[in-house]
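FYI, this note's numbering numbers position 152 of the sequence shown as 393, with every residue one higher than the one before it.
Even for Gly, the Cβ is constructed at its ideal location relative to N, Cα and C.
Every value quoted in this text rests on a predicted model; they were computed, and no experiment measured them.
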Amino acid sequence: MNTLEHKRVLVTAGPTYEAIDPVRFIGNRSTGKMGLAIVERLLNKQCHVVLIHGPLQVPVPTHKNLEVISIESAEEMYRATMKSFPTCDIGIFAAAVADYTPVHVADQKIKKSEDTFFLALKKTVDILKEVGKTKKPTQCIIGFALETNDEEANAMKKIEGKNLDAIVLNSLNDAGAGFAHETNKIKIIQRNGEMISFELKNKSAVANDIVEFIEKIAGA
Ligand code: CTP
242 MNTLEHKRVL VTAGPTYEAI DPVRFIGNRS TGKMGLAIVE RLLNKQCHVV LIHGPLQVPV
302 PTHKNLEVIS IESAEEMYRA TMKSFPTCDI GIFAAAVADY TPVHVADQKI KKSEDTFFLA
362 LKKTVDILKE VGKTKKPTQC IIGFALETND EEANAMKKIE GKNLDAIVLN SLNDAGAGFA
422 HETNKIKIIQ RNGEMISFEL KNKSAVANDI VEFIEKIAGA
């Protein structure tokens, strides 16, 4: 039985770009591959998917059950997410959201002057944390994390702090895993502390494992 059929699932994917001036931004190396692979699996499961994505390096499919919202900054991703999530059953937060954004965005291109350039940054809103605060008991949210040390303890802190049902831990310690690779190695940790470790796999097989796991907990 497919318990995900007709569920509304919100997926965030890709990086966010934080403008410095009209031509420059702060970004990161996320390609959006993992998020898009998850979207594909969800569409195969007959879900209705709302994809909110930053600038991607992979094409976005067209599908009758896929609603696409394209944004640039963390603030735009936050607004789009808060608008869409109330009508969704599940949220999968695979985006690599910038943690900081410039305090001021210059109207004109900044000219080169001193040898050293200081840029003041402020924290972006933690989208997942805000979603966690509004989450209804019938809704399920899954976050992603990248830890280099004390990964399980840090992941449990994130589950608590952001009110998550589970977290997908990406390994940085394995060759071939993470940003800009075709493969990934993950662990999924649940709120009750149960953990499943997976082998290094290509991203579409990893997406399959994540969606199978969500199907299990969302249908429970
Ligand atoms: N996230 C978010 N909004 C932010 C930052 C992160 O929604 N402003 C989401 C990401 O999409 C991901 C999870 O939160 O699902 C990652 O949490 P975060 O605390 O940012 O993890 P790390 O980047 O690993 O944090 P830290 O650098 O503090 O370890």
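Would you tell me roughly how many angstroms separate the C-alpha atoms of Glu-395 and Arg-265, rounded to the nearest one? The question names Glu, yet the displayed sequence has Asn at residue 395. Spanning the two alpha carbons is a distance of roughly 33 Å.
Is it the case that the CB of Gly-384 approaches a heavy atom of ligand 1 more closely than 7 Å? Correct: Gly-384 has its Cβ closer than 7 Å to ligand 1.
Would DSSP call Asp-330 helix, strand or coil? In this structure, DSSP gives Asp-330 a state outside helix and strand, which the three-state scheme calls coil.
Exposure label - Glu-456; buried when at least 16 CB within 10 Å: Looking at its Cβ environment, which holds 16 or more other Cβ atoms inside 10 Å, Glu-456 is buried.
Report yes if the C-beta of Thr-328 is less than 7 Å from at least one heavy atom of ligand 1; otherwise report no. No, ligand 1 has no heavy atom inside 7 Å of this Cβ.
Have a look at Val-252 and Met-275 and give me their C-alpha separation to the nearest angstrom. Those two C-alpha atoms are separated by around 11 Å.
What are the residues that DSSP puts in a beta bridge with Glu-308? According to DSSP, which records beta bridges pairwise, Glu-308 is partnered with Val-291.
Since Lys-286 contacts Glu-246 with CB under 8 Å, what's their CB separation in whole angstroms? Sure, about 7 Å apart at Cβ, within 8 Å.
Outcome for Phe-326 when other beta-carbon atoms lying within 10 angstroms are tallied against a minimum of 16: Classification for Phe-326: buried.
Any contact between the region 316 to 334 and the region 346 to 358? By contact I mean 3 or more CB pairs, one from each, below 8 Å. Counting Cβ pairs under 8 Å, fewer than three are found: no touch.
Can you tell me whether His-345 is buried or exposed, with buried defined as 16 or more other CB within 10 angstroms of its CB? So His-345 ends up on the exposed side.
Does the region 366 to 379 come within contact of the region 400 to 413, defined as at least 3 CB pairs closer than 8 Å? Three or more beta-carbon pairs drawn from the region 366 to 379 and the region 400 to 413 are found closer than 8 Å, and the two stretches are therefore classed as touching.
Relative to ligand 1, is the shortest distance from any of its heavy atoms to the C-beta of Thr-253 smaller than 7 Å? For Thr-253, the shortest separation between its Cβ and any heavy atom of ligand 1 lies below 7 Å.
Give me the Cα-Cα distance between Asp-262 and Asp-367, rounded to the nearest whole angstrom. The straight-line gap from Cα to Cα measures roughly 23 Å.
Segment limits, beta strand (DSSP E) that includes Thr-342: Per DSSP, Thr-342 belongs to the beta strand (DSSP E) from 341 to 343.
Burial state of Arg-270, where buried means 16 or more other Cβ atoms lie within 10 Å: By the C-beta density criterion, Arg-270 is exposed, having fewer than 16 other C-beta atoms within 10 angstroms.
Exposed unless 16 or more other CB atoms sit within 10 angstroms - verdict on Ser-354: By the 10 Å Cβ count, Ser-354 comes out exposed.
Pick helix, strand or coil for Asn-433, following the three-state DSSP scheme. In the structure shown, Asn-433 sits in coil (DSSP, three-state: anything other than H, G, I, E or B).
In chain order, what residues of the same chain have a beta carbon less than 8 Å from the beta carbon of Lys-442, not counting five sequence neighbours either side? Closer than 8 Å at Cβ, skipping near neighbours: Thr-424, Asn-425, Lys-426 and Asp-450.
For Ser-438, tell me which candidate among Val-452, Leu-410, Ala-459 and Lys-444 has the shortest Cα-Cα distance. Checked all of Val-452, Leu-410, Ala-459 and Lys-444; the closest Cα to Ser-438 is Leu-410.
Give me the DSSP bridge partner(s) of Ile-267. Per DSSP, the beta-bridge partners of Ile-267 are Glu-259.
To the nearest angstrom, how far is the alpha carbon of Leu-297 from that of Glu-313? Their backbone Cα atoms lie some 10 Å apart in a straight line.
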